[in-house]
Amino acid sequence: MSEVYIVGSGETKYGELWDRSLREIAVEAGLKAVENAGIYSRDIQILYGSSSLSGTVNGQNDIGSLIADFSGLASNNIPAVRVEASSASGAAAVREAYLAIRSGEYDVAMVGGVEKMTDIYGSEMLDMMSTTLDREWEAFFGATPAALAAMSARKYMADFHVDKETLAMISVNDHENASKNPSAHYRNKLTLDAAMNSTMVADPLNIMDCSPISDGASALVLASDRYMKKNGMEGVRIQGSGIAQDYLALHSRASLYRLDSTAIAARKALDQAKVRNDDISFVELNDSYSIYGLLALEDLGFAKKGSAKDLVPDEISLRGRIPVNPSGGLKAKGNPMGATGVGQFVEAYLQFRGKAGERQIKDPEHAMLHNMAGSGSTSIVHIVGGD
Amino acid sequence: MGELSSIWREADHRYRLIGHKCNNCGTVYFPPRDICPKCHRESIGKIKETDLSGLGEIVSFTVVHDAPPTFSRQRPYVMAIIKLDEGPSLTGQIVDCDPDEVKMGKRVRAVFRRIREDGKSGVIMYGYKFALDE
Ligand SMILES: [Zn+2]
Numbered sequence: 001m002s003e004v005y006i007v008g009s010g011e012t013k014y015g016e017l018w019d020r021s022l023r024e025i026a027v028e029a030g031l032k033a034v035e036n037a038g039i040y041s042r043d044i045q046i047l048y049g050s051s052s053l054s055g056t057v058n059g060q061n062d063i064g065s066l067i068a069d070f071s072g073l074a075s076n077n078i079p080a081v082r083v084e085a086s087s088a089s090g091a092a093a094v095r096e097a098y099l100a101i102r103s104g105e106y107d108v109a110m111v112g113g114v115e116k117m118t119d120i121y122g123s124e125m126l127d128m129m130s131t132t133l134d135r136e137w138e139a140f141f142g143a144t145p146a147a148l149a150a151m152s153a154r155k156y157m158a159d160f161h162v163d164k165e166t167l168a169m170i171s172v173n174d175h176e177n178a179s180k181n182p183s184a185h186y187r188n189k190l191t192l193d194a195a196m197n198s199t200m201v202a203d204p205l206n207i208m209d210c211s212p213i214s215d216g217a218s219a220l221v222l223a224s225d226r227y228m229k230k231n232g233m234e235g236v237r238i239q240g241s242g243i244a245q246d247y248l249a250l251h252s253r254a255s256l257y258r259l260d261s262t263a264i265a266a267r268k269a270l271d272q273a274k275v276r277n278d279d280i281s282f283v284e285l286n287d288s289y290s291i292y293g294l295l296a297l298e299d300l301g302f303a304k305k306g307s308a309k310d311l312v313p314d315e316i317s318l319r320g321r322i323p324v325n326p327s328g329g330l331k332a333k334g335n336p337m338g339a340t341g342v343g344q345f346v347e348a349y350l351q352f353r354g355k356a357g358e359r360q361i362k363d364p365e366h367a368m369l370h371n372m373a374g375s376g377s378t379s380i381v382h383i384v385g386g387d
Numbered sequence: 001m002g003e004l005s006s007i008w009r010e011a012d013h014r015y016r017l018i019g020h021k022c023n024n025c026g027t028v029y030f031p032p033r034d035i036c037p038k039c040h041r042e043s044i045g046k047i048k049e050t051d052l053s054g055l056g057e058i059v060s061f062t063v064v065h066d067a068p069p070t071f072s073r074q075r076p077y078v079m080a081i082i083k084l085d086e087g088p089s090l091t092g093q094i095v096d097c098d099p100d101e102v103k104m105g106k107r108v109r110a111v112f113r114r115i116r117e118d119g120k121s122g123v124i125m126y127g128y129k130f131a132l133d134e
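As structure tokens, this is what we get:
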């Protein structure tokens, strides 16, 4: 089996990129990653595209071929497919590329995650996003992704005596870090007061508890240890990869506030990497809604159920015991769904190479990356770093 | 969104709240499923329809302000996860009351209502909602 390294990354700015198309941003991120890796695009042996909603929002499927074609690779005839797992599509694609290299079958893979969400707007977007829920038994009756997160939040807050400010501080932390990230959708700092007093979306969650509708693309080049050494390259190792699935609908799960898929994926990734939570220098987690930031901290193993509040806000800051989302997270770096999970690797790669600017974590050893579909139907956790 | 055929397919379950029971282990499921997640292949051929009382209690709820187009005229509306007395939980709206009266743990009963109107086809879809049971 090969060891797998990230050897290059690239991404577009995240945000409302009105004047740019799906293919433009996908290709921009891909070419940046190739350039950053110091390879030629002809060196890529297999490509994985990821997008959650391109077929629905943009009417464009077969993203794998689209990216390969407009990156100039059509006549290279490499395998190029799309991986889809709702808002966890990005990490799912990275994992497929990781497995392709780890198996020994390929030495160089590209992953391109992209989402172009602002081609439609307003409440219609909500209808599209609700396609990631159980269409017949949740969305049919008027449930939205925010409504499900809100129901988890209400029960959690009541059972563990957690106040609304604790949720808001997850978003405040994201904005603080994003203010130091030039790629972020939002670079403004968010005060606790503004977070608490924003427009209600689904009680108790208001708009500052919810990740935005973002456009964006992120790309990686992965390579085997063999290829890397032969070509005198450096990289950051993917040490562990865990994925787990749960019931699609929230109402079918064992608990409204236990992300079982996250807990299982984290355990698998940590065990494979032979790393403990205490060894993690920072975590990029899937806070599509602020409540998921708290739940993920617990189910990823950084706090007991109901006690993530003890880590907020000090311990999750860049100088805390377990810095959360140095990139700015889903709330403030942004959430271009199929790109989001790939973007977490871009952040980790920058951090390990000491290129994260003002938000640089000092001498990171291991990072944990957590990408999640919807309300927790699929979770994917990776550990990167080490040697 | 291509939901016309599914309206008819799921009509019985949505209109009359019919669930599925695994006669291998006795667990009742709603929404209906054809394989029991506990018994797997042992449940094949042993899943039978079962009537549900429509009585249950609110596990959690939210007041939805930001809604998809097909629900925008109902805003704000209360969505809840309800645990039915027979065991399974489901997602539905709470109606016929002020949102302030809705509390976790309160008893509810199913009522038959218009759920949504498809904007393009104009088809009206019906199913269950819940009312406070006092
Ligand atoms: Zn059974």
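Sequences listed follow chains V and U, in order.
The opening position of the first sequence corresponds to residue 1 in our numbering, with each subsequent residue numbered one higher.
The opening position of the second sequence corresponds to residue 1 in our numbering, with each subsequent residue numbered one higher.
Virtual Cβ for every residue (Gly too), placed ideally from N, Cα, C.
Query	Result
By how many angstroms is the C-alpha of residue 347(V) removed from the C-alpha of residue 356(V)?	8 angstroms
Quick one: is residue 8(U) buried, meaning 16 or more other Cβ sit within 10 Å of its Cβ, or exposed?	exposed
So which residues of chain V does residue 61(U) contact, with C-beta pairs closer than 8 angstroms?	151, 154
Within 7 angstroms: the Cβ of residue 252(V) and any heavy atom of ligand 1?	no
If you reduce the DSSP assignment to three classes, tell me which class residue 13(U) lands in.	helix
Just by C-beta distance, which residues in the segment 100 to 123 of chain U are closer than 9 angstroms to chain V?	104, 115, 116
Go through the residues and name those whose CB comes closer than 6 angstroms to any heavy atom of ligand 1, in chain order.	22(U), 24(U), 25(U), 27(U), 36(U), 38(U), 39(U), 43(U)
Measure the C-alpha to C-alpha separation of residue 85(V) and residue 134(U) and round it to an integer number of angstroms.	43 angstroms
Going by the CB atoms, is the gap between residue 382(V) and residue 275(V) shorter than 8 angstroms?	no
Going by beta-carbon coordinates alone, are residue 78(V) and residue 49(V) separated by less than 8 angstroms?	no
Going by C-alpha distance, which of 94(V), 23(V), 289(V), 96(V) is nearest residue 442(V)?	Residue 442(V) is absent from the model: chain V starts at 1 and stops at 387.
In the segment 185 to 271 of chain V, which residue ranges form an unbroken alpha helix (DSSP H) of at least 4 residues, counting only runs that do not cross its ends?	192 to 196, 225 to 230
Give the interface partners of residue 65(U) over in chain V, defined as CB-CB distance under 8 angstroms, in chain order.	199, 200, 201, 202, 203
Step through the CB atoms of chain U and report whether any lies within less than 8 angstroms of the CB of residue 161(V).	no
What is the DSSP secondary structure of residue 45(V), reduced to helix, strand or coil?	coil
So with Cβ pairs under 8 angstroms, would you call residue 127(V) a contact of chain U?	yes
Name the one or two DSSP bridge partners that residue 121(U) has.	Residue 121(U) pairs with nothing; no bridge assigned.
Since residue 10(U) meets chain V, which of its residues come closer than 7 angstroms, beta carbon to beta carbon?	136
At a Cβ cut of 7 angstroms, what residues of the segment 89 to 100 of chain U count as close to chain V, listed as they run along the chain?	89, 90, 91, 92, 93
Can you pull the chain V residues whose beta carbon is under 7 angstroms from the beta carbon of residue 126(U), in chain order?	Result: empty, since nearest Cβ-Cβ is about 11 angstroms, beyond 7 angstroms.
Just to confirm my understanding: we take residue 132(U), look at its own chain, exclude 5 residues before and 5 after, and list those with CB closer than 8 angstroms. What are they?	94, 96, 97, 101, 102, 106, 107, 108
Give me the Cα-Cα distance between residue 52(U) and residue 23(U), rounded to the nearest whole angstrom.	16 angstroms
Using a Cβ-Cβ cut-off of 8 angstroms, state whether residue 352(V) counts as contacting chain U.	no
Report the residue from 27(U), 54(U), 62(U), 49(U) whose alpha carbon sits nearest the alpha carbon of residue 111(U).	54(U)
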